[in-house]
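Peer 1: The following block contains the structure, expressed as structure tokens.
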Amino acid sequence: NSIFGGKKEEVLSEIEELLITADFGLEFTSEITGAMDNKMSSFEKDDHIRLLKDIIRERMTLASLPEPPTELNAHLIFGVNGTGKTTTVGKLAYKLKKEGKNVLIAAADTYRDAAIEQLLVWSKRAAVPVIRQFQGSDAGAVVYDACDAALGRRVDDLVIDTAGRLHNKEMLMEELVKIGRILDKKLPDAQRFKLLVIDATTGQNGLSQASLFNEYVGVDGIILTKLDSSAKGGIACAVSGKLQIPILYAGTGEKVVDLINFDVDKYLDMLFS
Amino acid sequence: SLSNRLSEIMKKVRGWGSLNEKNIRDGLRDIKLALLEADVNYKVVKGFIDGATESALGEQVLNSITPVQQFTKVVYDYLVKILGEEDHDLKISFGGISVFMLVGLQGSGKTTTAVKLAHYVQKNYNKKPLLIAADVYRPAAVKQLELLSEKNGFSIYKEDNGKPVDICLSGLKFARENSYQVLIIDTAGRLEIDEKMMNELIEMKNRMKPHEVILIADAATGQVAVSVAQGFNEKLGITGIFLSRMDSDARGGAALSMSYITGRYIKFIGTGEKIPDFEKFYPSRIASRILN
Ligand SMILES: Nc1nc2c(ncn2[C@@H]2O[C@H](COP(=O)(O)OP(=O)(O)OP(=O)(O)O)[C@@H](O)[C@H]2O)c(=O)[nH]1
Ligand SMILES: Nc1nc2c(ncn2[C@@H]2O[C@H](COP(=O)(O)OP(=O)(O)OP(=O)(O)O)[C@@H](O)[C@H]2O)c(=O)[nH]1
Ligand SMILES: [Mg+2]
Ligand SMILES: [Mg+2]
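In order, the protein sequences belong to chains G and U.
Note that this note's numbering numbers the first sequence so that position 219 is 221, with each residue one more than the last.
Note that this note's numbering numbers the second sequence so that position 256 is 322, with each residue one more than the last.
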């Protein structure tokens, strides 16, 4: 591995291959190797890796310090099909409940077969109640009811599952915008987190996903799932760098405890180990 | 899109007038970047460019009357060769019961595809399909398959308890006793690096002797497409690949990576969430989509 001392071109080309294979993408990778090229003077092996980590870290938007606590936090979970949203809603509810919060789940995926049943299993694992209607109900109506319930029951955290949707399907994106508006109108004093779930195995299409979701409904944070797979999830770093959105959590498995706060340094250590 | 990028590159190539080694290498470098942007795997791109360079620098192209067309054709032909030249059909047994096993990563579209495949087989082969609910892990997986199947008029075989392999064997018995002709097994999503879960599939394959072991993969899969396809193929052996969510705006370079590394072909694609959203895969179409 010539990152550990070698001619500059060899080192840069090795880094290029490593980053592209981790799904950082051409654009972000060339930005990083360009910065490496400018700053690399010595050829000590430790300097290379540390410099590389610094360059990547400073380009990724890190989670800012928590806002002063509000009465209620709403977490709207969305993303394309199959990325792990429903599972993540269960994990997030479990995590918040463990922190002593009063949590409520909203089953706003009223489209997919057995989505509500799937979420009910997760809510039992998290020991959190669910506001739901039926398959075919209006998703906005479920969110509306969930907001009322959250206010009425003095809930600390409302976690909302939505149906998977492709970012290039305009009608589905408009439905999400509508859901977002209902949330904003019903809970104006709450901290409303719009969280995009990205599958770590996704390639450059993740950039298209993120920019469209950001355009339509706004993205406050990214949840990177399936980090336990053989994928490195570099696409989430590229999204974070390009759109200035922090990666807040990562999914690391299929059990209710498999959700971690995303730590950039731990992630970069894993990437370059 | 990749084909837009490719036509831009070709416009530039046409501007060269004549071809020589330098501008062929330049043109291929641009194509390399376009392929990487389309999510084709880094090592696959390198192998592709090396192979295409060899053909492009051959006598035929350099001495051709229309060198640019020749060059374009070389790249396109090489792409289509890897993807399979013509469309590939399902291995259907015309006598006994055909068994299809659907495998893949979590969330890749297996359960939805299982019912799409049932619909396709019924409509195009006039064979009675039975779906087997072999995912005993994911919450409400059996319920999902059940609802989707019943809505579309298909029968499913499921058990409340039991190991996936045993459920499949009982399902086969049930199929024989009730004159079903095609068995479609929906398995749980799993990582190719999960030894225990991969061993479950190996046992299932050994005991069910499927006609097809189909890897279902998301069209938007990134660089890891190679490890995933290779992992499933080396441990289990796959007979074909289906790409789901081709209705997204993903370029689909994963298709090239997976075909290249396994030598298996993409047979069908999913083009939506509804059961009829399922089509045969034509290599020339994705070659254009990848290149643009
Ligand atoms: N290995 C692994 N699998 C995960 C992770 N998160 C979710 N999954 C699995 O991914 C699959 C899809 O998860 P879901 O929660 O149904 O995904 P979804 O985004 O809600 O899917 P749709 O509602 O259909 O869009 C399931 O098999 C989950 O168990 C993770 O962090 N690691
Ligand atoms: N737009 C679109 N969505 C699809 C397609 N195929 C599947 N989906 C959606 O992708 C999501 C996941 O599909 P599933 O069939 O549950 O995937 P799976 O592989 O069975 O998931 P696991 O069992 O958890 O591993 C669902 O929301 C499906 O509706 C497709 O071709 N196009
Ligand atoms: Mg879901
Ligand atoms: Mg499934």
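Quick reminder that beta carbons are idealized off the backbone N, C-alpha and C, glycines included.
Computed from a predicted structure; not experimentally measured.
Mark U/Pro195 as exposed unless 16 or more other C-beta atoms lie within 10 angstroms of its C-beta, in which case mark it buried.
Peer 2: Translated into the one-based positions of the second sequence, residue 195 of chain U becomes position 129. The residue is buried, with at least 16 neighbouring Cβ atoms inside 10 Å.
Peer 1: Run the CB neighbour count on U/Ile262, radius 10 Å, all protein chains shown included, and call it buried at 16 or more, exposed below.
Peer 2: For the purposes of this step, residue 262 of chain U is taken as the residue at position 196 of the second sequence. A small fix is needed here, since residue 262 of chain U is Lys in this sequence, not Ile. That one is exposed.
Peer 1: Pick out the complete beta strand (DSSP E) segments inside the stretch 125-189 of chain G, 3 residues or longer, and give them in chain order.
Peer 2: Taking only runs of at least 3 residues, the beta strand (DSSP E) segments lying wholly in the stretch 125-189 of chain G are 159-164.
Peer 1: Pull up the distance between the alpha-carbon of G/Glu186 and that of G/Asp163, whole angstroms please.
Peer 2: For the purposes of this step, residue 186 of chain G is identified with residue 184 of the first sequence, where counting begins at 1. For the purposes of this step, residue 163 of chain G is identified with residue 161 of the first sequence, where counting begins at 1. It should be noted that the sequence gives Asp, not Glu, for residue 186 of chain G. Cα-Cα distance, rounded: 16 Å.
Peer 1: Which residue wins for smallest C-alpha separation from U/Glu152, given the options U/Ser159, U/Asp143, U/Ala316?
Peer 2: Position 86 of the second sequence, counted from the first residue, corresponds to residue 152 of chain U. When each option's Cα is compared against that of U/Glu152, the closest is U/Asp143.
Peer 1: Can you tell me whether G/Glu12 is helix, strand or coil according to DSSP?
Peer 2: As a working note, residue 12 of chain G is residue 10 in the first sequence. Here G/Glu12 sits in helix by DSSP.
Peer 1: Determine the contact status of G/Phe30 and G/Gly243, defining contact as a CB-CB distance below 8 Å.
Peer 2: Residue mapping note: residue 30 of chain G aligns to position 28 of the first sequence, counting from 1. Residue mapping note: residue 243 of chain G aligns to position 241 of the first sequence, counting from 1. In contact: G/Phe30 and G/Gly243 (Cβ atoms closer than 8 Å).
Peer 1: Using CA coordinates, which residue listed in U/Gln172, U/Leu171, U/Phe166 is at the minimum distance from U/Gly182?
Peer 2: Counting from one through the second sequence, the residue named residue 182 of chain U turns up at place 116. Looking at the sequence shown, residue 182 of chain U is not Gly but Lys. Residue U/Phe166 is the option with its Cα nearest to U/Lys182.
Peer 1: Return the residues of the stretch 302-315 of chain U that lie within a Cβ-Cβ distance of less than 7 Å from chain G, sorted by chain order.
Peer 2: Of all residues in the stretch 302-315 of chain U, Arg311, Asp313, Ser314, Asp315 have a Cβ within less than 7 Å of some Cβ in chain G.
Peer 1: In terms of residues, what are the limits of the alpha helix (DSSP H) holding G/Val91?
Peer 2: Stepping through the first sequence from its first residue, residue 91 of chain G is reached at position 89. Start and end: 87-100.
Peer 1: Under the three-state reduction of DSSP, which class applies to U/Pro349: helix, strand or coil?
Peer 2: Mapped onto the second sequence, residue 349 of chain U falls at position 283. U/Pro349: helix per DSSP, three-state reduction.
Peer 1: State the DSSP-derived secondary structure class of U/Asp252, mapped to helix, strand or coil.
Peer 2: Looking up residue 252 of chain U in the second sequence gives position 186. If DSSP states are grouped into helix, strand and coil, U/Asp252 belongs with the strands.
Peer 1: Of all the residues that make up the stretch 246-271 of chain U, which are near chain G by a beta-carbon distance shorter than 8 Å?
Peer 2: Result list: Leu257, Glu258, Ile259.
Peer 1: Would you decide whether G/Lys196 is buried or exposed? Buried here means 16 or more other CB atoms lie within 10 Å of its CB.
Peer 2: In the first sequence, counting from the first residue as 1, residue 196 of chain G sits at position 194. With 16 or more Cβ atoms within 10 Å of its Cβ, G/Lys196 is classed as buried.
Peer 1: Roughly how many angstroms separate the alpha carbons of U/Ser121 and G/Ser231, rounded to a whole number?
Peer 2: For the purposes of this step, residue 121 of chain U is taken as residue 55 along the second sequence, with counting starting at 1. For the purposes of this step, residue 231 of chain G is taken as residue 229 along the first sequence, with counting starting at 1. One C-alpha to the other measures close to 37 Å.
Peer 1: Is U/Glu339 buried or exposed, if buried means 16 or more other CB atoms sit within 10 Å of its CB?
Peer 2: Within the second sequence, numbered from 1, the residue matching residue 339 of chain U stands at position 273. Buried, by the Cβ-count rule.
Peer 1: Taking a contact to mean a Cβ-Cβ separation below 8 Å, would you say U/Ser174 touches U/Ser310 in this structure?
Peer 2: Mapped onto the second sequence, residue 174 of chain U falls at position 108. Mapped onto the second sequence, residue 310 of chain U falls at position 244. Yes, Cβ-Cβ distance for U/Ser174 and U/Ser310 is below 8 Å.
Peer 1: Tell me which same chain residues have a C-beta within less than 8 Å of the C-beta of G/Phe136, skipping the five on either side of it?
Peer 2: In the first sequence, residue 136 of chain G corresponds to position 134, counting from 1. Excluding residues within five positions, the ones whose Cβ falls inside 8 Å are Thr112, Ile118.
Peer 1: Are there three or more Cβ pairs, one per stretch, closer than 8 Å when the stretch 148-163 of chain U is compared with the stretch 327-334 of chain U?
Peer 2: They touch, by the three-pair rule.
Peer 1: Ignore the nearest five residues each way along the sequence and tell me which others in U/Gly170's own chain have a CB closer than 7 Å to its CB.
Peer 2: Taking the second sequence and counting its residues from 1, one reaches residue 170 of chain U at position 104. Once the five neighbours on either side are set aside, the close Cβ partners of U/Gly170 are Lys176, Gly255, Leu281, Ile282, Ala283.
Peer 1: Please list the terminal residues of the continuous beta strand (DSSP E) segment that includes U/Asn86.
Peer 2: Position 20 of the second sequence holds residue 86 of chain U. Premise fails: U/Asn86 is in no beta strand (DSSP E) and is neither H nor E.
Peer 1: Beta-carbon within less than 6 Å of G/Ile51's beta-carbon, same chain only, minus the 5 sequence neighbours each way: which residues are those?
Peer 2: As a first step, residue 51 of chain G is located in the first sequence; it is residue number 49 there, counting from the start. Only Phe274 meet the Cβ criterion.
Peer 1: What is the rounded straight-line gap between the Cα of G/Asp222 and the Cα of U/Ile90?
Peer 2: Within the first sequence, numbered from 1, the residue matching residue 222 of chain G stands at position 220. Within the second sequence, numbered from 1, the residue matching residue 90 of chain U stands at position 24. Taking the straight line from one Cα to the other gives about 45 Å.
Peer 1: Go through its chain and collect everything with a Cβ distance to U/Glu345's Cβ below 8 Å, but skip five positions before and after it.
Peer 2: On the second sequence, position 279 is the one that residue 345 of chain U refers to. If we look at U/Glu345 and ignore the five residues flanking it on each side, its Cβ neighbours are Phe334, Ile335, Thr337.
Peer 1: Does the beta-carbon distance from G/Leu261 to G/Lys97 come in below 8 Å?
Peer 2: For the purposes of this step, residue 261 of chain G is taken as the residue at position 259 of the first sequence. For the purposes of this step, residue 97 of chain G is taken as the residue at position 95 of the first sequence. The answer is yes: Cβ separation under 8 Å.
Peer 1: Say yes only if the C-beta of G/Thr88 is nearer than 7 Å to one or more non-hydrogen atoms of ligand 2, and no if none qualify.
Peer 2: Here residue 88 of chain G refers to the residue found at position 86 of the first sequence. G/Thr88 Cβ: outside cutoff for every heavy atom of ligand 2.
Peer 1: Give a yes or no on whether the minimum CB-CB distance between G/Asn216 and chain U is below 8 Å.
Peer 2: By one-based count along the first sequence, residue 216 of chain G stands at place 214. Closer than 8 Å: no.
Peer 1: Which residues, in order along the stretch 202-219 of chain U, keep a beta-carbon less than 9 Å from a beta-carbon of chain G?
Peer 2: Going along the stretch 202-219 of chain U in chain order, one finds Tyr203, Arg204, Pro205, Ala206, Ala207, Val208, Lys209, Gln210, Leu211, Glu212, Leu213, Leu214, Lys217 with a Cβ nearer than 9 Å to chain G.
Peer 1: For G/Val259, would you say it is in contact with chain U, using Cβ-to-Cβ distances shorter than 8 Å as the test?
Peer 2: The residue given as residue 259 of chain G occupies position 257 in the first sequence. Not one chain U Cβ lies under 8 Å of G/Val259.
Peer 1: Using a cut-off of 9 Å between C-beta atoms, extract the partners of G/Gln206 located in chain C.
Peer 2: Among the protein chains of the structure shown, namely G and U, there is no chain C.
Peer 1: Does DSSP put U/Met167 in a helix, a strand or coil?
Peer 2: Residue mapping note: residue 167 of chain U aligns to position 101 of the second sequence, counting from 1. DSSP places U/Met167 in strand when its eight states are reduced to three.
Peer 1: Give the list of continuous beta strand (DSSP E) stretches no shorter than 3 residues that lie fully inside the stretch 288-357 of chain U.
Peer 2: With a minimum length of 3 residues, the continuous beta strand (DSSP E) runs that stay inside the stretch 288-357 of chain U are 306-310, 332-336, 344-346.
Peer 1: Can you tell me the Cα-Cα spacing of U/Asp155 and U/Phe308, whole angstroms?
Peer 2: Reading the second sequence from its first residue, position 89 is the one you call residue 155 of chain U. Reading the second sequence from its first residue, position 242 is the one you call residue 308 of chain U. Straight-line Cα distance between these residues: approximately 12 Å.
Peer 1: When DSSP labels each residue in this structure, what does G/Ile247 get in the three-state scheme?
Peer 2: Residue 247 of chain G sits at position 245 when you count from the first residue of the first sequence. Three-state result, G/Ile247: coil.
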